[in-house]
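Q: Here the UniProt record's numbering is used: the first residue of the sequence shown is 1, the next is one more, and so on. Structure incoming, see below.
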Amino acid sequence: MASTAPHATHRARAGLLDPALLWRSLPVACRKLDPRTLYRNPVMFVVETGAVLTTGLAIADPSVFSWLIAGWLWLTVVFANLAEAVAEGRGKAQAETLRRTRTATTARKLTDWRPGGRQPAEQPVPAAELTLGDHVVVEAGQIIPGDGDIVEGIASVDESAITGESAPVIRESGGDRSAVTGGTKVLSDRIVVRITSRPGETFIDRMIALVEGAARQKTPNEIALNILLASLTIVFLLAVATLQPLAIYGHAEQPVVVLTALVVALIPTTIGALLSAIGIAGMDRLVQRNVLAMSGRAVEAAGDVNTLLLDKTGTITLGNRQAAELIPVGGTEPVALADAAQLSSLADETPEGRSIVVLTKERHQLRARAEGELAHAAFVPFTAQTRMSGVDLAGDGDGTRRLRKGAATAVMKWVRDNGGHPTAEVGPIVDAVAASGGTPLVVGETVTERGRITARVLGVIHLKDVVKEGMRERFEELRRMGIKTVMITGDNPQTAQAIAREAGVDDFLAEATPEDKMALIKREQAGGKLVAMTGDGTNDAPALAQADVGVAMNTGTSAAKEAGNMVDLDSNPTKLIEIVEIGKQLLITRGALTTFSIANDVAKYFAILPAMFAAEFAGLGKLNVMGLHSPESAITSAIVFNALIIIALIPLALRGVRYRPSSAAALLSRNISLYGFGGLVLPFIGIKLIDLVVQFIPGLH
């Protein structure tokens, strides 16, 4: 019997600078001081080397100044490690929530299972021993022991442990809703699951590794920026190394502590300290929205997407077509058409049929009637084969009235088969409804009196696929970002064009097949575009694998989830737009903090360089624009500010720069004006304020 366990229904969400999280992260930050770990960050490795050097010099020749510089250099490295540790700590808090979903489950493994065969024998085994291709049976109240696809049965499943959503979902064999996740709970019925993952490679295992940051790989842009930062660090190291011989020649030899401080001030320590935290936080923001990115590269690619492929049904439209209008023909009174439409829809349990009953009640004040109220009526349920529903009403004597509502071709054929002839106005109305993006249904009747049958069409029902509220505005935002939106639908071109126009998408692909989707993606990529799309079925897997960002629905098949590089645990196709926005926010945050880091170095030059040489070269005193108290206080203030600004920027690195849809040129202009100018001005103010404090430290001068 599979064991059960309580599940966490909400994700852990730590505050940006939660004191408890900071306290837990501090030991991790100290452990990251290990040079074998820190060498991966060249900028901070140089700062740590400088901290070791100045500490040695402070021990050999103690002074307040040298100890202050050594101490703040160590704090600079610790603060940089703390930024990364806090980002990882937020992921670990979420990972702990996920770990609680894993229980010591015993699986009911089936031996020699075959579809439709005799009931196989059961063998209890630990869930950890299940492997690819095993079959297990799970009944109501039991935990699903591993990731897999349902191959027999249908059940209601509680997935709150994974998605945080308390409402149960239906999972069934066949189709695109057959995938189940280990650790979720079956609430009803019985299912047979084929295991699709090996031990240690389950969905939850991968998710835990990713949210903890253990499996995070640096993205191409991050690697390129690291190379740039390392190159700048080498250049400034060489510049400072060649400065001392020139200073000796000019009788202005500088202490090694001062030269070390100059190196740290010159190199881009701010972005070097926060770069890793920005990447981890980007993935964390996706996890907060119940999206699992298989790599940081996928998040970054989302920020560079040029083309967005969106399914019409469920993404752009609500999916359930709603009755919007009743159009009488042949002189039929509107109330008579409404009455016939309602009666013929009572046996139609589809959302479309229910919407017709609601429309007739609200628009024509007809009382909703149940099937049981019509004792002498014979109801005809809607079926995919007949594409009609209806009712046969027995009248007085031999009179019988039959009503049918359904697809235009099916009902008009039914009218003709009963000797009727649809009027000439029906065809144009049906075509007009289809051209407007709607779906036309026709209502027909036959009346039998004294053995004579009269058949006719009463009118047309306009079913409308309702576009979700706010979609046009969101597509307009994407357009301002330079992203092209393409609606994918199986509708005919006329209907697709009408809905595309109403929704505001840039283009559409009608009557789409999996091959059409693949061809469209390749065509866009051949033009240098990055493409994102969503999918949930096995037939979507090739296109998901081909797309630069493929978001698979958690309700979809294992093939779709393996092909994509992201999985949406909520299975909400609209979330693709949010994913693109998060990717862009990641890129914007990295660019903004890089701009800020380079700009704020300028103030440190003005603080340290005049302080180094003002005594020997009096003219350099004019560069002391901040009016700093003394060379020692100026250098100390610059190094203290260099460390404190890292702590100040950690919340921004974790939360991300506020995102506003705009063009690349507008974003660049905003970064330069806000973070470039701010990075230039803020250090002048900060260093001066720190100088006003440190000048009172005894023994500093």
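For every residue, glycine included, the Cβ atom is placed at its ideal position computed from N, Cα and C.
Around the Cβ of W23, are there at least 16 other Cβ atoms within 10 angstroms (buried) or fewer (exposed)?
A: As a working mapping, residue 23 is identified with position 23 in the sequence shown. Exposed is the call here.
Q: Nearest-angstrom Cα distance between S63 and A638?
A: Against the sequence shown, residue 63 aligns to sequence position 63. Against the sequence shown, residue 638 aligns to sequence position 638. Approximately 18 Å, taken between the alpha carbons.
Q: Does I271 get closer than 9 Å to chain C when you measure Cβ to Cβ?
A: This model lacks chain C altogether, as it is built from one protein chain only.
Q: Is it the case that the Cβ atoms of L292 and E222 are separated by a distance below 9 Å?
A: Taking the sequence shown and counting its residues from 1, the one referred to as residue 292 is at position 292. Taking the sequence shown and counting its residues from 1, the one referred to as residue 222 is at position 222. Going by C-beta atoms, L292 is not nearer than 9 Å to E222.
Q: Beta-carbon within less than 6 Å of A408's beta-carbon, same chain only, minus the 5 sequence neighbours each way: which residues are those?
A: Within the sequence shown, residue 408 is the residue found at index 408, counting from 1. Excluding residues within five positions, the ones whose Cβ falls inside 6 Å are V430, P440 and V442.
Q: Can you tell me whether DSSP reads M412 as helix, strand or coil?
A: Counted from its first residue, the sequence shown places residue 412 at position 412. Looking at M412 - three-state DSSP - the assignment turns out to be helix.
Q: For P328, collect the residues of the same chain with a Cβ closer than 6 Å to its Cβ; drop the 5 residues on either side in sequence, then sort them by chain order.
A: Locating residue 328 in the sequence shown gives position 328, where the first residue counts as 1. These residues qualify, in order along the chain: P334, L337 and G459.
Q: Kindly list the residues whose CB is nearer than 6 Å to the CB of T454, restricted to its own chain and excluding five residues on each side of it in sequence; keep chain order.
A: Here residue 454 refers to the residue found at position 454 of the sequence shown. V447.
Q: If I191 sits next to G146, beta carbons under 8 Å apart, how far is it from one beta carbon to the other, in whole angstroms?
A: If you number the sequence shown from 1, residue 191 lands on position 191. If you number the sequence shown from 1, residue 146 lands on position 146. Between G146 and I191 the Cβ distance is about 13 Å, and since that is not below 8 Å, they are no contact.
Q: Whole angstroms is fine: what's the gap from I204's alpha carbon to G182's?
A: Counted from its first residue, the sequence shown places residue 204 at position 204. Counted from its first residue, the sequence shown places residue 182 at position 182. Going by the C-alpha atoms only, they are around 7 Å apart.
Q: Straight-line CA distance for residue 703 to D465?
A: With the chain covering only 1 through 701, there is no way to say anything about residue 703.
Q: For the alpha helix (DSSP H) that V693 lies in, which residues bound it at each end?
A: If you number the sequence shown from 1, residue 693 lands on position 693. Unbroken alpha helix (DSSP H) run through V693: F677 to V694.
Q: Quick check on this structure: which residue in L649, M44, I645 and T360 has the alpha carbon closest to the alpha carbon of N226?
A: Here residue 226 corresponds to residue number 226 of the sequence shown, with the count starting at 1. Out of L649, M44, I645 and T360, M44 has the C-alpha closest to the C-alpha of N226.
Q: Would you kindly work out how many angstroms separate the C-alpha atoms of N624 and L308, rounded to a whole number?
A: The residue you call residue 624 lines up with position 624 of the sequence shown. The residue you call residue 308 lines up with position 308 of the sequence shown. Computed Cα separation, rounded: 53 Å.
Q: H629 by DSSP, collapsed to three states: which one?
A: For the purposes of this step, residue 629 is identified with residue 629 of the sequence shown, where counting begins at 1. Residue state, collapsed to three classes: coil.
Q: In the DSSP assignment, find the beta strand (DSSP E) that holds G535 and state where it starts and stops.
A: Residue mapping note: residue 535 aligns to position 535 of the sequence shown, counting from 1. V531 to G535 is the extent of the beta strand (DSSP E) around G535.
Q: Can you tell which of V52, Q254, A58 and G282 has its C-alpha closest to the C-alpha of L587?
A: In the sequence shown, residue 587 corresponds to position 587, counting from 1. Ranking V52, Q254, A58 and G282 by Cα distance to L587 puts G282 first.
Q: Using 9 Å as the threshold, is the C-beta distance between G303 and V580 below it?
A: Here the question's residue 303 lines up with position 303 in the sequence shown. Here the question's residue 580 lines up with position 580 in the sequence shown. The answer is yes: Cβ separation under 9 Å.
Q: Report all residues from its chain with a CB closer than 7 Å to the CB of G490; omit the five preceding and five following residues, and keep chain order.
A: Stepping through the sequence shown from its first residue, residue 490 is reached at position 490. If we look at G490 and ignore the five residues flanking it on each side, its Cβ neighbours are E511 and A512.
Q: Counting only the same chain and skipping the five closest in sequence on each side, list residues whose C-beta sits under 8 Å from that of T260.
A: Walking along the sequence shown from the start, residue 260 turns up at place 260. Contacts found: G50, L53, T54, I69 and L73.
Q: Can you check DSSP and say which residues form a bridge with F379?
A: Position 379 of the sequence shown holds residue 379. Partner(s): V391.
Q: Where does H462 sit, in a helix, a strand or coil, going by DSSP?
A: Reading the sequence shown from its first residue, position 462 is the one you call residue 462. In this structure, H462 counts as strand in the three-state DSSP scheme.
Q: Rounded to whole angstroms, what is the Cα-Cα separation between A653 and L266?
A: Working through the sequence shown from its first residue, we reach residue 653 at position 653. Working through the sequence shown from its first residue, we reach residue 266 at position 266. Each residue's alpha carbon lies about 22 Å from the other.
Q: Short check: CB of Q142 to CB of V169, under 9 Å?
A: For the purposes of this step, residue 142 is taken as the residue at position 142 of the sequence shown. For the purposes of this step, residue 169 is taken as the residue at position 169 of the sequence shown. No, Cβ-Cβ distance for Q142 and V169 is not below 9 Å.
Q: Looking only at DSSP bridge pairs, what is A323 linked to?
A: By one-based count along the sequence shown, residue 323 stands at place 323. L463, per the DSSP bridge assignment.
Q: Which residues share a DSSP beta bridge with P328?
A: Residue numbering aside, residue 328 sits at position 328 when the sequence shown is read from its first letter. Per DSSP, G459.
Q: Could you check whether L569 and N290 sit closer than 9 Å to each other, using their CB atoms as the reference points?
A: The residue given as residue 290 occupies position 290 in the sequence shown. The residue given as residue 569 occupies position 569 in the sequence shown. It is a contact, given that the beta carbons lie within the stated cut-off.
Q: Leaving out five residues before and five after K484 in sequence, what residues of the same chain have Cβ atoms less than 6 Å from its Cβ?
A: As a position in the sequence shown, residue 484 is number 484, starting the count at 1. Excluding residues within five positions, the ones whose Cβ falls inside 6 Å are T307 and D506.
Q: Around the C-beta of E476, are 16 or more other C-beta atoms found within 10 angstroms, so that it is buried, or is it exposed?
A: Residue mapping note: residue 476 aligns to position 476 of the sequence shown, counting from 1. Counting Cβ neighbours within 10 Å, E476 comes out exposed, since fewer than 16 surround it.
Q: Note down the Cα distance separating T315 from A341, rounded to an integer number of angstroms.
A: In the sequence shown, the residue the question calls residue 315 occupies position 315. In the sequence shown, the residue the question calls residue 341 occupies position 341. Each residue's alpha carbon lies about 29 Å from the other.
Q: Using 8 Å for Cβ pairs, my map puts R108 next to E88. What's the rounded Cβ distance?
A: Position 108 of the sequence shown, counting from 1, holds the residue named residue 108. Position 88 of the sequence shown, counting from 1, holds the residue named residue 88. At roughly 38 Å, the Cβ-Cβ gap does not stay under 8 Å, so R108 and E88 are not in contact.
Q: Check whether the Cβ atoms of E632 and A611 lie closer than 9 Å to each other.
A: Stepping through the sequence shown from its first residue, residue 632 is reached at position 632. Stepping through the sequence shown from its first residue, residue 611 is reached at position 611. Taking 9 Å as the Cβ cut-off, E632 and A611 qualify as a contacting pair.
Q: Taking the Cβ atom as the reference point for each residue, do T219 and V305 lie within a distance shorter than 9 Å?
A: By one-based count along the sequence shown, residue 219 stands at place 219. By one-based count along the sequence shown, residue 305 stands at place 305. No.
Q: Below 8 Å on the Cβ atoms is my contact criterion, and I expect K468 with T317 to pass it. Report the Cβ-Cβ distance as a whole number of Å.
A: The residue given as residue 468 occupies position 468 in the sequence shown. The residue given as residue 317 occupies position 317 in the sequence shown. At roughly 7 Å, the Cβ-Cβ gap stays under 8 Å, so K468 and T317 are in contact.
Q: Please report the residue range of the beta strand (DSSP E) in which I150 lies.
A: Translated into the one-based positions of the sequence shown, residue 150 becomes position 150. That run of the beta strand (DSSP E) goes G148 to D158.
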